[in-house]
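Report on the following structure.
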Amino acid sequence: MMIAADSPDGTPEPHDVVEAHESGLTFMFVRSLKDAIYGQVWDALEVRLHNGGGVTFYTSVLDERGVPRRFAVKRMLKATIARLQPTIQENPMREAAFLTLVQDPGHPNVVGLAAALEDDTTVYLVTPFVGGVGSGEMFDWVADNYQNPAPEATIMPLLRQIVDGTRYVHSKGICHADMSLENTLVNSAHTEAFIIDFGMAQQMPTNEHGQRFMSVPDGRRAKRSYCPPETYKGREPYDGVKVDVFSVGCMGFMMFTGIPPFDYASRLDRKFRRVVFHGDLQGYLADYGMPPLPDQVFGLLQGMMSYRPEDRPLPVEVLENPWFAPLGYAQQPQAAAPAMNA
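Position 324 (the sequence shown) corresponds to 309 in our numbering; numbering is contiguous.
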């Protein structure tokens, strides 16, 4: 693999190219999308090299619609990985492995791996560019509209897609462990959601019968406003499926209200004590002068954010909730996570 870069430190500039000799895939950087822990995420095009008449040039590879094939390339410096890895929970090598797993056979709301490349200094994780022009983090969409949250009819299919994508991830034996609005993309029409970023994910332990066991605490935990109490404490074994369900419940709450349900998952936090420990989500909203959630939504989110993991529904049970009935999930049975060992 090689990279053609003009800058002294190897940082890509627009129109620089990264090439994988083994696969023949070549990507041209277009623009930087955002900073990441170990580097940057770039918008890139798949291109093809041409030589003729003494001229070398690239052309875009087109998809079946005749549109240039776009990708998101997470570019991570090996030196930065080596320096930060002892103190950062996200693991890029583990992320590449999990992105490969979820790519087969794939799910429309889960972004898998298109290619993994490296040279002497850098690792590149290439994923499909989803959502089209105007897409972005769901967090930004919710934050920009926090005073006027989206209507129930808009949120319902998005939340269903997130839950179903989470169900699919679990069916591959993976706990995402960092489900959040920041790790979910939404298209410009706000009709499609995409789960991204598996840097915190882990394989759920299973036995020879495919039944899952509790995961051993290892210090990793979701972002504060999405983190369930069992992983916030970080001292007890936990069920990865129920961890993700709790986080997705927090996401749903924020989509409806524009605010996080709590600051951190401890009874020392007044909001957490009210919403999660005492299960009084509606009372919390009333305290802040906010309208109550529809009854079915309230019951669903309160259950997902239950203090005790065993009281939270499985993703399949969430999808079977009557609130989602208009979307017809009951007619589309899907694979689920490995069953918990009794």
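Each residue gets a CB set at the ideal place from its N, CA and C atoms; glycine is no exception.
Reference residue i; option with closest CA among the options
i: proline 190; options: His155, Asn168 and Gly204; result: His155
i: glutamine 70; options: Gly184, Lys218 and Pro90; result: Gly184
i: aspartate 28; options: Phe56, Thr112, Arg293 and Val226; result: Phe56
i: tyrosine 223; options: Val201, Arg16, Leu312 and Gly9; result: Val201
i: methionine 199; options: Arg206, Cys212 and Glu221; result: Glu221
i: tyrosine 109; options: His175, Ala81, Tyr217 and Leu86; result: Ala81
i: phenylalanine 238; options: Pro53, Leu10, Met275 and Asp89; result: Met275
i: aspartate 129; options: Gly38, Gly9 and Ile244; result: Ile244
8 Å Cβ cutoff met for residue i and residue j
i: methionine 61; j: threonine 106; result: no
i: threonine 242; j: proline 134; result: yes
i: leucine 170; j: glycine 121; result: yes
i: threonine 139; j: isoleucine 180; result: no
i: lysine 208; j: glutamate 177; result: no
i: proline 277; j: glutamine 267; result: yes
i: serine 210; j: aspartate 254; result: no
i: leucine 34; j: threonine 41; result: yes
i: threonine 11; j: valine 32; result: yes
i: valine 148; j: methionine 240; result: no
Cβ-Cβ separation, residue j to residue i (assumed contact under 8 Å), whole Å
i: valine 260; j: tyrosine 269; result: 5 Å
i: threonine 112; j: glycine 97; result: 7 Å
i: valine 58; j: tyrosine 153; result: Their Cβ separation, rounded to whole angstroms, is 24 Å, which puts valine 58 and tyrosine 153 out of contact at 8 Å.
i: glycine 204; j: glutamine 74; result: 7 Å
i: tyrosine 43; j: methionine 78; result: Contact flag wrong, Cβ pair sits at about 30 Å.
i: leucine 102; j: valine 3; result: 6 Å
Own chain, CB closer than 8 Å to residue i, minus 5 neighbours either side, in chain order
i: tyrosine 292; result: Pro214, Val261, Phe262 and Gly264
i: valine 230; result: Thr151, Met289, Arg297, Pro298, Leu299, Pro300 and Val303
i: alanine 271; result: Pro277
i: alanine 5; result: Met(-14), Thr11, Ala100 and Leu102
Same chain, Cβ closer than 6 Å to residue i, five either side skipped, listed in chain order
i: phenylalanine 83; result: Ile159, Phe183 and Ala186
i: methionine 123; result: Leu166, Thr169 and Val171
i: arginine 145; result: Phe309 and Leu312
i: glycine 116; result: Leu170 and Asn172
i: serine 17; result: Gln25 and Trp27
i: lysine 227; result: Pro294 and Arg297
i: isoleucine 93; result: Contrary to the premise, residue 93 reads as proline rather than isoleucine in this sequence. Same-chain partners within the cutoff: there are none.
i: aspartate 48; result: Arg54
DSSP bridge partner residues for residue i (one or two, in chain order)
i: proline 190; result: Paired residues: none, contrary to the question.
i: phenylalanine 42; result: His35
i: lysine 19; result: Val26
i: lysine 218; result: In the DSSP output, where bridge partners are listed per residue, lysine 218 has none listed.
i: histidine 92; result: Val95
i: arginine 55; result: Leu30
i: proline 113; result: Phe56
Own chain partners of residue i with C-beta closer than 7 Å, once the 5 adjacent residues on each side are dropped
i: glutamine 188; result: Gly158 and Ile159
i: glycine 219; result: Pro202, Gly204 and Arg206
i: arginine 329; result: The chain is shown only over -14 to 327; residue 329 falls outside these bounds and no answer can be derived.
heavy atom of the ligand MG below 7 Å from residue i C-beta
i: leucine 143; result: In the structure on display, the ligand MG does not appear, and there are no ligands present to speak of.
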